[in-house]
Each structure stands twice: as structure tokens, then as C-alpha cells.
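Heads up: the protein sequence lines correspond to chains G and S, in order.
Number 431 marks the last residue of the first sequence (this note's numbering); no jumps.
Number 342 marks the last residue of the second sequence (this note's numbering); no jumps.
One structure below.
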Amino acid sequence: MKSFCLGAATVLGLTLAGSALVDDVRMLAIEPNVPEGRQYYLDVAKAYEAENPGTKVQFDFLDDTSFKSKLPTLLQSSARPDAFFTWTGGVFYEQAKAGVLKDISTDFTDADRKNYSPSGIQSMSHDGKLYGVPMYAASVVLWYNKALVEKAGIDPKAIKNWEGLLAASKKIQGAGIVPIVMGGKDKWPIALFYGQLAARIAGTDGVAAADKGENEGFNNPAFIQAGDALKQLADLKPFQPGYMDTTQPKAAGLFGDGKGAFYLAGNFLVGAQAQNSASGKGLGDDLDFITFPAVDGGKGEHADTFGGVNGWLVTKDAGQSTVKFLKFLTNNKNQTEGGRLKIWLPIGTNAQSGIADPRLRRIAEDLSKAPHHQLYLDQMLGASVGAALNDAAAQIVTGDISPEEAAALVEEAREMR
Amino acid sequence: MTTMIGSRPTLSPAARIARMHRQGKLTALLLFLPPALVLFTLFVIWPIFNAANLSFFKWSGYGAIDNFVGTQNYQRLANHSVFHQSLWNSVKLILASLFIQIPLALTLALLIYKKTSANTAFRLIFFAPYILAEIASGVIWSFIFDGDFGVSGQIAAALGIDPFYILADRQFAFLAIITVVVWKYFGYHMMIFIAALQAVPDDLLEAADIDGASRLQKVFYVKLPLIMHAIKLSAFFAIVGALQVFDIIIPLTNGGPSNSTHSIVSYLYTYGLAQLNVGYGAAVGVVLFILCMVTAFSYKRLAMGKGGAL
């Protein structure tokens, strides 16, 4: 009901704004993970308005689920925003195919494009046309609690492959510590393991081929092997009690309170584990990370990264001020500021200098050096196949389906797409 | 009387309109019928037909609706184990509403229907859950069931036992949902029964007293037969309401674990809207609509008198 009211208010707000103002920019964003994120947008909007008198910039915010379910209707109505947040991937391609987006290729010169990482620009393009502006990247790493792993007698940096992680989990469990904290209720945190394993085993090319239905699609042995590996982990019962009734934000808080040794998540965890913890402080300097372990014989490289690319897509009929504002929002100064505030990892080529946190700086460096960056599978595959993948991963872990059945479930969804 | 009605000459439509005009009814009809008819058609009839049409298409919500797939959406639905589970869950909710919620509401109504200040206080307390928004109830109960920071976690800690995570347990999660649904709606049914019980004439109860009826006999032979209409109505609301449960499930379990706690509506939302399978969602909607219609009409036929009398 709350999200409905919020949605209705947003639609109404956009409609009113649309009729009252002519050369304004209406942005539809998701509710940021941290309060600083919201303030950041509003501050940038204010700065832009000061530099460009006569143009108003309005940000509307919706929570993730409402955002995703309301967007189709909104984009096809006259109340559509000028630009909206995107996770890129499958849903973006649908939107591009449906003709609700604006091709802004000519608005971005080669010099403009140099301000962004090539993978960022590529993520916002479909069929060779640029439809939006990338803003930040997310990269998933295996976080750990230094104090707890030391107590269990584990050196995480020595974990190089999947077997190493399984052995470490057993040892940590033996020391009476929960090896991995998991937000299973949201399903996608489980799918991060499944997706990472698939990317390590099949490689980014293998994942892309499965997405196209080549080599038996998701029934390919690589995905069954990824499911087997996930099942091996789940069989150790490494997660905290009640993990299937734990949402991702709550799990981040539990990890921040020292309730488990490992946590697989993106760079956002640095802020989330502190803010969501009962103490409000999180792990502090006890928080560190390792790269997701390799899988022996897998086609993916250990240095390959896994995560998201996020930015803004421009809708058809949006005015010139929208592209101008997006360039402003993602200019070097604002990108650097976003990094400094720990809101995200900037995707601007020279915007890493603001990142003060050494762990985030390392993630940003790894990301820039990565041979391949695999987009979150649930984003890459689009809404229905992505949800099937999240479902499949969760059910492997709960033991309701076998890795073969999981792969078949995803493949069936892909064929139906 | 019957012979008079039987012998009334049948009028032609034109003559009937002329008679309505003479009686002044025609103006009222022309004035008041169209707005209601247009609104009803626009917001009820047309969306139903539109959804039925959409259910034969594969449509993500973006672009033109041109991918006609025939009955494919319905075939998928018929073969989808999660949909079977959600149907079964809806049946369980109906049974719980009929055999736990209504008897509970009836018992409480019998205990507190008389007008005293203590009874008024109890009525308020029992009715309070119904006033709460569904989503708020879900959030409150998810906190109660939370084994880490919630009430159940604190109870477990006080007893010195391991916390129990009922919402994470495939076997018991739906039981938790049923508990919340019963808790949320029994007050509503209780109020219907209280209103009906207060309308039972005192002289009938006095007559029963004089005849030497016990308290139970008065309940079973006087009160219950006299409020049967309210019980039938309540049961009808309970059945239709159980088919539509949604807002409580989303904050409690979001359909999990392993998709074991979906109702038909939360299934529709998750697989239809959230996953951008709008055509598929429409097919679920059509099935739900048919289920509601069949229930309504068969209930009317079975439980109600001719003309819809209770």
C-alpha cells in the first residue's frame, strides 16, 4: 500500500511537473542505499540550476520493486520522466527495442566518451546506439571479518579456489563461528554465489553464449557444475540460522555486528554493514575482502570482476537540457564527490582520486584492471529469466531442487523469454 | 395474487417505455443510468475483457502487444508447480477462515454482544487488528516472528532455547501466515455477528428462559438460527477475502521460502508484474476472476435463498 501511494504520488508529481514546466529535467531514481545518496542528487541538481538559470531539475525516488513494476506503464505514458535510473542489461534492451528511449549517440563526442570507462559506455549501448550515461559500477567481492577468521585460524588471502573456501568454511564452523552470513529472503544474495560460480566456470563468453541459447543454453554442463559447487557449499550448512527469513539489509547488519565470518556482496557493503548494524559502527578496520575464489579448470579468470553498471537512460522526447544535465551529473567533479562520499565506485576515468577508503580504492583498481566484467546475471538476463535464476539458486541452497533441475528451470525461462 | 400476475397482459417494449414515461420513471432512468453504466463499463467490464484478451499474448509491458501465443500462458500456468502450491494455499486459507476464524469470531461475539462497558472495551480490542493496514500487520508480525531481534527471538532467549525462525521454515511458514490472517480478520466477522445478535428479539430469549432452556440450548436453538443470515454472509466474505490475500504475504515471507507461501494474488504479482510477464499475469488474473465468480454463484445457489435472500 505504501509503495502504491508512493508510486501514485510520483506519477501525479511527474504529471504536474510536466504540465507546469517546459525546459525542466525530470529524473526518476531509486531510493539510494544510504541517506547521503539522496542528498547528493539534490545538491547536484541545485548546483546545476544555479549554473543554468531557468532550468529546473526534479528528482523523484521510488524503492527498487515499485520502480521496476511501475516503469513500463510510466515510460509508455506522457508522464514519463526525462531520464531514469537503470541497472542496464536485459530490461534496458527491452526498453530500447520498445522505442521508449532516445538515441543520444550524436550528443556524445569521442572527447565526451573518454570521460567514462569503455565498459560503462558499452553497457549503456544497444545495437551500436548510445541511450544513456553510465554513473557508477559495482563489484562483488568476498568480504570477511578479520577478528573472526583469525580466531578460527584462517588466512583468507590463502584461499585461492573454491575447495579452499569450502575447507575454510568447515574450519570456521569447527571454531563455533557462522562461516557465511546470508540474506536468503531476497534470493539475489544467494544468486550472487551462483552467478559468480557460473562466471568462473563458463567465463563471460560462456555466460553470453548461454544467454543466446548456444551450447544447450543454461543446460550447458558449466551451469550444472556451478549448481553442484553451490550445493557443496550449502551442504555444509554454512549460513546463520533463519537465513531464509533474513533480508539482505538485515544480513549486512548481522555481518556488521560480527555474526559471521564471510559475506559476499558488492562494494556498497562498506557503508551498509555499518549503518545496518545494531551497534551502528560495523566492523571498522576488521572489514577486509578477497577476490571471489577461482574454480579449478574454469574458463573465467581469477581477476575477472562481477557486478553491475548503473546509470541513466534518456527517454524519447526528452529535451536537450536532459543530456546536458546528465553530463553535469557525471562530470569529473561530481563523480569524484560520489566516490568520496562512499556512495559508489565512480565510472569516470579520472574520478577515482576521491575514494579515501583503501578497500574501495582496491576494488576500483581491480575493476579497472579486470580482463572481463560480468554483469550481475539477474540484470543481464532480464526480469523473468533473472528472477528464475534467483529462484533456482535459492532452491539449490534449500535443497528443494537439484543443480540439473535448477539449470533446466533457468533454461525454460530463457526459452519463454 | 398469483393469478393476477399470471394474467397481466405482456406489454410490447414500446408500450412499456410509454408507461414508464407516463409514470415519470423514464426521465430518471435516462438521467441516472448512463453515468453509472459508463463508469462501470469503463472501469470494470472493459478491464476484464482487456485482461482476458491480454492473457493470449506474450507481452513484457514494453512495446506493441502483437505476440499472440494462443493458450500458451494458460498451459504454463497449468504446469507450474508454484501455481499449484498457491492454489492449494488459497484453499488452506479458505478452510482456515471457515473453520477457525468464523467459529472463533462467533464464540467471542456470543460472549461480548451484550451492551456493557467491559464488552465495548473487548470489542475495540478484538476489532483493532482489522483497522490496521494489511501491510502494517505484515510488518508487525514479521517482527514478532523474527528469531534474531523480534519477539519470538526474545522469548527464546528468555527460555534459554535456540531461536525458531518460523518464516524461514518451509513446513511452518504458511501456518504463520494463516495465524496472521485469522488474527487480522476475526474481529470483522465478530462485529457482523454482534450486530446480528443484538437484533435477536428479547422476548424470544425470555420465552426460551420460561421454557427452561439452558444457555447452550438458547445459543443453538434461538440465537444461531436467528443470525444464520449473518453467518452465511460472513462465510461468503471470508471465502472471497481468502482468495484475495496479498498484502500480508509480501512483508511476511514474500512468497518464500522456496515459493511455498504464495497466494494466487501474490503469485500473480510476482510472476506477472514483477517479472514483466504481463500477459501471463493477465492469465492468472482471469483464473482468479473465474474462481471468484464460480465461488460467488455457487455459494449463492447453495447457501442463499431465491433472489439472494440470506
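Glycine included, each C-beta is placed from N, C-alpha and C at the ideal position.
- Separation of the CB atoms of GLN254(G) and GLY274(G) is rounded to 6 angstroms, and the pair is thereby assigned contact status at 8 angstroms.
- Annotated three-state conformation of LEU115(G) is strand, per DSSP.
- Around the C-beta of ALA165(S), fewer than 16 other C-beta atoms lie within 10 Å, and the residue is accordingly described as exposed.
- The Cβ atoms of PHE321(S) and SER295(S) lie no closer than 9 angstroms to each other.
- Residue range 124-127 is occupied by the alpha helix (DSSP H) that includes ASP126(G).
- Taking CB atoms only, GLN289(G) has no neighbour in chain S less than 9 angstroms away.
- Within the region 105-136 of chain S, complete alpha helix (DSSP H) segments of at least 4 residues are found at 113-128, given in chain order.
- Within 10 angstroms of the beta-carbon of ALA365(G) lie 16 or more other beta-carbons, which makes it buried.
- Exclusion of the five residues before and after GLU177(G) leaves ASP310 as the residues of its chain whose Cβ lies within less than 8 angstroms of its Cβ.
- For SER133(G), the closest of PHE339(G), PHE320(G), ALA406(G), GLY209(G) by C-alpha to C-alpha distance is PHE320(G).
- Taking the CA atoms as reference points, TYR145(G) sits about 33 angstroms from ASN234(G).
- Identification of residues in the region 266-279 of chain S having a C-beta nearer than 9 angstroms to some C-beta of chain G yields ASP279, given in sequence order.
- Distances from the CA of ALA189(G) to each of PRO252(G), ALA236(G), VAL221(G) were compared; the closest alpha carbon is that of PRO252(G).
- Counting every other CB atom within 10 Å of its CB across the protein chains shown gives ASN404(G) a total of 16 or more, marking it as buried.
- Judged by DSSP in its simplified three-state form, THR363(G) adopts coil rather than helix or strand.
- Excluding sequence positions up to five before and after HIS386(G), its CB lies within less than 6 angstroms of the CB of THR218, ASP318, all in the same chain and listed in chain order.
- Separation of LEU327(G) and VAL147(G) (C-alpha to C-alpha, rounded to the nearest whole angstrom) is 7 angstroms.
- The beta carbon of ASP299(G) sits closer than 8 angstroms to those of LYS160, all from its chain and outside the five residues before and after it, given in chain order.
- Secondary structure at TYR145(S): coil, using DSSP grouped into helix, strand and coil.
- At a cut-off of 3 residues, the continuous stretches assigned as beta strand (DSSP E) that sit fully inside the region 120-200 of chain G are 146-159.
- With a cutoff of 9 angstroms on beta-carbon distance, LYS184(G) and PRO170(G) are scored as not near each other.
- Counting other Cβ atoms within 10 Å of its Cβ, VAL221(G) reaches 16 or more and is therefore classed as buried.
- Secondary structure of ILE198(S) (DSSP, three-state): helix.
- Residue-level contact by beta carbon fails for PRO67(S) and chain G, as no gap is shorter than 9 angstroms.
- SER83(G) reaches chain S at LEU305, ALA306, counting residues in chain order whose Cβ is nearer than 7 angstroms.
- DSSP, read as helix, strand or coil, puts HIS294(S) in coil.
- In this structure the region 343-351 of chain G does not lie against the region 112-121 of chain G, because fewer than three pairs of beta carbons, one per stretch, are closer than 8 angstroms.
- Judged by their CB atoms, GLY56(S) and THR87(G) are not nearer to each other than the 9 angstroms cut-off.
- Straight across, the Cα-Cα distance linking ILE144(S) with PHE158(S) is about 11 angstroms.
- Rounded to the nearest angstrom, the Cβ distance from ASP96(G) to THR329(G) is 6 angstroms, consistent with a contact under 8 angstroms.
- Closer than 9 angstroms to the CB of SER416(G) there is not a single CB belonging to chain S.
- Taking the CA atoms as reference points, PHE89(S) sits about 45 angstroms from LYS383(G).
- Excluding its 5 nearest sequence neighbours in each direction, ASN105(S) has C-beta neighbours in its own chain below 6 angstroms: SER87, GLY311, TYR312, ALA315, listed in chain order.
- Under the Cβ distance rule, SER398(G) counts among the residues neighbouring chain S, one pair being separated by less than 9 angstroms.
- Beta-bridge annotation (DSSP): HIS387(G) is paired with THR319(G).
- The region 331-342 of chain G makes no contact with the region 204-211 of chain G, as fewer than three CB pairs between them are under 8 angstroms.
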